[in-house]
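These notes are about the structure you will find just below.
Numbering (the numbering used here), first residue to last: 986 to 1267.
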């Protein structure tokens, strides 16, 4: 008995193809479709091996995923590119005695190469003995700026300082203040959680604001007290001449806040005397 398959090779008749889904019996038959009379849906894998001689399509998806955009080059990262970094640097207040490379000695980028301290944070003299450092903001953390950054950026410490103060002023103009009143006593505080609150006292417009707000409706002889217990908190209060208890309460609050802080700054009380921040003498 002869067979209909004798002498035939099925591989010679139908190109091999894998069905990616069951056929729809209600769908019109396409005589030219490669798989069971049905066309492959959009986005399905090809039914044939790629032709290695075809031109490369740079926009073609790979394994079902779009080609990611190219990563930025080293020269475009903030650590190496001043055009990128200049909007991301901010001043920070640091405790008395904080060591670093003095900004006064690094006025030009060329000054960094001759120092042995170019890996130390750049520091400036701050008010009332405090120290000003500079931070490059990143996602979730800050990097203290050092001499190597200045070399990469091709700038001196003066340009760094000016950019950092501009950024702080722009941020501070939008940052809120908390206003608390208890009888004749009033407190203004900044506690945004962004790590720039204490540094706001470096801005002349902030000192003017605190002094005018706290003294404006207060009796004559009222003094403006300032506390900088930690990096994340600036607090100011009005000390009336007849309220001898308030100064002690303010001091206790500052000490308590500083003692429990992750980034403590100073347990002293300061006073705004004109535009100057001085240690409070009582």
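Beta carbons are placed, not taken as given, at the ideal position from N, Cα and C, and that holds for glycine. Model, not experiment: these values are computed from the prediction.
Check your understanding: In whole angstroms, what is the alpha-carbon distance linking residue 1225 and residue 1173?
Key -> 15 Å
Review point. Is the beta carbon of residue 1087 within less than 7 Å of some heavy atom of the ligand NAD?
Key: This structure lacks the ligand NAD; in fact it carries no ligand of any kind.
Review point. Is DSSP giving residue 1212 helix, strand or coil here?
Key: When DSSP states are grouped into helix, strand and coil, residue 1212 belongs to the strand group.
Practice item. For residue 986, count neighbouring C-beta atoms within 10 Å of its own C-beta (all shown protein chains included) and say buried if the count is 16 or more, exposed if not. Key: Only weak support is given to the placement of residue 986: the predicted model assigns it a pLDDT of 49, under 50, and the value that follows is read from those uncertain coordinates. With fewer than 16 Cβ atoms within 10 Å of its Cβ, residue 986 is classed as exposed.
Review point. Which same chain residues, not among the five before or five after residue 1242, have their C-beta less than 7 Å away from its C-beta?
Key: Result list for residue 1242: 1214, 1215 and 1218, in chain order.
Check your understanding: Skipping 5 residues on each side, what residues in its chain have a beta carbon closer than 8 Å to that of residue 1108?
Key -> 1079, 1083, 1084, 1085, 1086, 1087, 1088, 1116, 1117 and 1118
Practice item. Mind reading off the beta-carbon distance from residue 1113 to residue 1262? Whole number of angstroms is fine, and I expect it under 8 Å. Key: That pair is a contact at about 5 Å.
Review point. Does DSSP put residue 1069 in a helix, in a strand, or in coil?
Key: DSSP places residue 1069 in helix when its eight states are reduced to three.
Exercise for review: Assuming residue 1184 and residue 1257 form a contact by the criterion Cβ under 8 Å, report the distance between their Cβ atoms to the nearest whole angstrom.
Suggested key: Not quite, the Cβ-Cβ distance comes to about 16 Å (not below 8 Å), so this is no contact.
Exercise for review: State the DSSP-derived secondary structure class of residue 1092, mapped to helix, strand or coil.
Suggested key: coil
**Study point:** 8 Å contact criterion, which residue 1223 and residue 1171 should meet: CB distance rounded
**Key:** The Cβ separation is near 5 Å, so the contact holds.
Review point. Taking just the CA atoms, how far does residue 1247 sit from residue 1106?
Key: 20 Å
**Study point:** Cβ-Cβ separation, residue 1260 to residue 1208 (assumed contact under 8 Å), whole Å
**Key:** Contact doesn't hold; Cβ gap of about 15 Å is too wide.
**Study point:** Burial state of residue 1182, where buried means 16 or more other Cβ atoms lie within 10 Å
**Key:** buried
Review point. For residue 1235, is the classification buried or exposed, using 16 other Cβ atoms within 10 angstroms of its Cβ as the cut-off for buried?
Key: buried
Exercise for review: Might you give, ordered along the chain, the residues of its own chain that have their beta carbon closer than 6 Å to the beta carbon of residue 1127, omitting 5 neighbours on each side?
Suggested key: Here residue 1127 has 1120 as same chain residues with Cβ atoms under 6 Å from its own Cβ, once five neighbours each way along the sequence are excluded.
Check your understanding: Span of the alpha helix (DSSP H) holding residue 1199?
Key -> 1189–1200
Check your understanding: Which residues in the same chain as residue 1266 place their Cβ atom closer than 7 Å to its Cβ, once the five residues preceding and following it in sequence are excluded?
Key -> none
Point to revise | Neighbourhood of residue 1199 by C-beta distance below 8 Å, restricted to the same chain and skipping five residues each side | key: Closer than 8 Å at Cβ, skipping near neighbours: 1171, 1173, 1207, 1209, 1221, 1222 and 1223.
**Study point:** residue 1162 versus residue 1061: straight-line alpha-carbon distance, rounded
**Key:** The alpha-carbon atoms of residue 1162 and residue 1061 are separated by roughly 36 Å.
Check your understanding: Does DSSP classify residue 1223 as helix, strand or coil?
Key -> DSSP places residue 1223 in the strand class (E or B) of the three-state scheme.
Practice item. Counting only the same chain and skipping the five closest in sequence on each side, list residues whose C-beta sits under 7 Å from that of residue 1094. Key: 1135, 1136, 1139, 1140 and 1141
Exercise for review: Identify which residue in 1152, 1244, 1144 and 1038 has its Cα closest to the Cα of residue 1092.
Suggested key: Taking only the C-alpha atoms, the option nearest residue 1092 is 1144.
Exercise for review: Verify whether the separation of the beta carbon atoms of residue 1074 and residue 1149 is less than 8 Å.
Suggested key: yes
Point to revise | Whether residue 1133 touches residue 1177 by CB criterion (8 Å) | key: no
Review point. Nearest to residue 1202 by alpha carbon, out of 1169, 1158 and 1229?
Key: Answer by Cα proximity: 1169.
Check your understanding: What do you reckon, are the CB atoms on residue 1211 and residue 1255 nearer than 8 Å?
Key -> yes
Practice item. Starting from the C-beta of residue 1157, find all residues in its chain whose C-beta is less than 7 Å away, skip the five residues before and the five after it, and write them out in chain order. Key: 1185, 1188 and 1191
Review point. Between residue 1253 and the rest of its own chain, which residues show a CB-CB distance below 6 Å, the 5 nearest in sequence each way excluded?
Key: 1264
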